[in-house]
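Working notes, beginning with the structure itself.
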Amino acid sequence: MVKNKPNQGARKTETLTLRLDPKIKYTIELMARIKRQSITSVIEAAIESAAFDLDTPVLIEGKRETWSLSNAVSEFYTTDEAAKFINLCAFMPELLNYEEQRIWETIKATPEFWDENIESYLAPYHLRGLGFIDKFKIGAYFMSLTLHVEEHKDSRTIVPFDFVRRLPK
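The letter at position 66 of the sequence shown is residue 88 when you use my numbering, and the numbering goes up by one with no holes.
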């Protein structure tokens, strides 16, 4: 019987392909045997342990704090891709890569994504000088927004998102 694969948004786990030194792979296999766990369980436990000990810069109400990566993930992780991106931008901006910085700067340069008068969001994102971010609008336009940034990747300046040209899909 063939089972339908769930769509990406419905997945409970993700697949990761790694290239490892053969000695490290052998070490992981032996650890799994000793602990009577799967290789996946051994790797997950090692990552969780490392995340607990890794300091991460977090921005809270405009002040830089240092949290463990484990605490930051617990606080800011969500299955909603747009909200996860906004959390990274708003609370851990030092960790953005170049492409993410371009998307974030495009959002900041587009007034339609911001409203100074919004008083009630389920999870308010208020950034000084910008107002409240409309996370629902960003979610609706997120794919179009990433395409817009890709189209303007060679521009020396940030090109604000054009709502008239882009309709959410």
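Heads up, the beta-carbon is just placed ideally off N, CA and C, and yes, glycines get one too.
Rounded to the nearest whole angstrom, the CA to CA distance from E127 to T62 is 37 Å. F113 places its beta carbon less than 8 Å from that of L81. Counting along the chain, no alpha helix (DSSP H) covers L81; the unbroken beta strand (DSSP E) around it starts and ends at 77–82. Residue state for K85 is assigned as strand, using DSSP reduced to three classes. One alpha carbon belongs to E70, the other to R86, and they sit about 23 Å apart. F158: member of the alpha helix (DSSP H) spanning 157–173, first to last residue. Counting along the chain, the unbroken alpha helix (DSSP H) around R124 starts and ends at 120–130. According to the DSSP assignment, M53 belongs to the alpha helix (DSSP H) that extends over 44–57. Taking the C-beta atoms as reference points, D75 is found no nearer than 8 Å to T88. G153 is bridged by DSSP to L149.
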